[in-house]
Amino acid sequence: WSRCHTGMVKGQRWIMPKAGSLDQLRLEGFDESELQATEDLLKIEVKAIGLNFADIFACQGLYSATPTGSFVPGLEFSGIIVEVGADVKERDGWRPKAGERVMGVTRFGGYTTHLLTRSCFVRPIPSDWSYEEGAGFLCTSLTAWYGLVHLGGLKKDQHVLVHSAAGGVGLAALEIVLAHKAHPIATIGTASKASLLQERFNLPSSKIIVRAKTGKDFGDQLDESMKMNKCEEGIAIVMDSVQGPYFQPCYDRLCRGGRIVVFGAASMTPPGDRPNWIRLAWQWLRRPTVDPLEIIAANKGVLGFNLIWMWDKVEEMSEMLKSMLAAVPWKRPLVGKTYKMEDAADALRFLQSGQNVGKVVLVVNSGSS
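Okay, so the sequence shown: first residue is 3 according to the numbering used here, each after it adds one.
Listed below in structure tokens is the structure:
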């Protein structure tokens, strides 16, 4: 951002005029001085922005929570508090102060140099983490915690399958599984990502599956891994962000009382800037389905969630965040690749490609000119 000749301080933000295509994203200036931290709000000078698959789906109009009309994408950020509202209170032993480094989540509006957010959605960044690491933590870890612990009922010694284990949510999920002394099986899309899981978590190759292209071949891979890992009873929890041909083989191998927790559909991610509606229609017609009567006899569960619909449950979310931070000795988040804020569309296309490990993060250059 910069100060123009009139003295007005300019901010910048990415605007999506209307959901439909990534190439519609527009970077526009705005007067950040109009953002006033009243009541329990904090004004943040943003330093880094975490990217999520939900950002892509929102921009392409495939996300049910997308605002109608124009909107600013982005669900998580880090930065510096520049103003504190008069009604901001202490929470969990921390009272926000101007000048502090923080990380936060927001219901859209994250792709910006300045924003207002309720103080309950912000936490201090650990002193040894960078802004980029802070921006890549809260959304992914809360998603993994809610799915595994809140819905999945994660317990010691359970066998847990984590899809896309080298991505942001996947890495957070593995930390949670291991902190609970449960046994992970990690799936990845390409073999090149295996070394990361071996180095970061000391996972043996028997616990890592490079997903085959077909459901039948993937089922064979699962059987082999389960046999090597003495998973005789079946898998207790599946964290499924992929679906497609991989859903049914996982469902078939759940133990009694096992649960598939569905929170994404990466297999349906359009490869280009805009959706291919014919291809999506074909995938939709072939999507996996579950018979509610059958699951009674099978004693299995299928649960789905999108944390953005929990946004108004402030106390529940805050309590969950407190539990999550206390229960896991969190490693520094893995930032796989950074882009300048000006290159947001390219960053989203890279995330869309599935090549990334860890988080993709936008870095905001906030030096005055």
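Don't be surprised by glycine CBs; every beta carbon is placed ideally from N, CA and C.
Under the three-state reduction of DSSP output, Ser355 falls in the helix class. In the DSSP annotation of this structure, the continuous segment of the alpha helix (DSSP H) that includes Ser197 starts and ends at 196-203.
Where Leu323 is concerned, the enclosing alpha helix (DSSP H) starts and stops at 316-329. Rounded to the nearest whole angstrom, the C-alpha separation of Arg202 and Arg334 is 11 Å. Straight-line spacing of the CA atoms in Leu117 and Trp16 works out to 12 Å. Membership of Thr142 in the alpha helix (DSSP H) is indicated by the continuous run 140-147. A straight line joining the alpha-carbon of Ala174 with that of Thr340 spans about 19 Å.
Beta-bridge annotation (DSSP): Leu176 is not paired with any residue. Beyond the five residues adjoining it in sequence on each side, Ala21 comes within less than 7 Å, by CB distance, of Ala60, Cys61, Gln62, Gly63, Thr68 in the same chain, given in chain order. Close CB contacts of Tyr248 within its chain, under the 6 Å cut and outside five residues either way in sequence, are with Phe220 (chain order). Of the candidates Lys157, Val162, Leu163, Lys157 places its Cα closest to the Cα of His182. Residue state for Val151 is assigned as helix, using DSSP reduced to three classes. Rounded to whole angstroms, the Cβ separation of Ile237 and Gly260 is 6 Å, and the two are in contact under 8 Å. With respect to Phe79, Thr108 sits close: the two C-beta atoms are nearer than 8 Å. Close CB contacts of Pro277 within its chain, under the 8 Å cut and outside five residues either way in sequence, are with Gln62, Gly63, Leu64 (chain order). The Cβ atoms of Pro128 and Val164 lie no closer than 8 Å to each other.
Proximity to Val162 across Leu224, Tyr133, Gly138, Phe110 peaks at Leu224, based on C-alpha coordinates. Residue environment: Thr192 is assigned as exposed (fewer than 16 neighbouring CB atoms within 10 Å of its CB, all protein chains considered). Closest in C-alpha terms to Leu309, from the list Asn54, Ala100, Asp25, comes Asn54. Between the segment 356-363 and the segment 87-106 there are fewer than three C-beta pairs closer than 8 Å, too few to call the two in contact. Under the three-state reduction of DSSP output, Arg93 falls in the strand class.
Taking each of Ser166, Asp345, Asn367 in turn and checking the Cα distance to Asp25, the smallest one comes out for Asp345. Look at the segment 67-91 and you find these whole runs of beta strand (DSSP E), each 3 residues long or longer: 78-86. Only residues of its own chain outside the window of five on either side were considered, and among them Arg109 have a CB closer than 7 Å to the CB of Trp313, listed in chain order. Glu235 has its alpha-carbon roughly 45 Å from the corresponding atom of Gly111. For Asp242, the number of other beta carbons within 10 angstroms of its own is at least 16, and it is reported as buried. Under the three-state reduction of DSSP output, Asp242 falls in the strand class.
Counting along the chain, Ile297 sits inside the alpha helix (DSSP H) bounded by residues 294-300. Comparing alpha carbon positions, the residue from Ser72, Pro126, Asp94 closest to Ile46 is Pro126.
Rounded to the nearest whole angstrom, the C-alpha separation of Lys232 and Val179 is 17 Å. Residue state for Pro247 is assigned as helix, using DSSP reduced to three classes. The three-state secondary structure of Ala181, taken from DSSP, is helix. Here Met230 is exposed, its C-beta having fewer than 16 other C-beta atoms within 10 Å.
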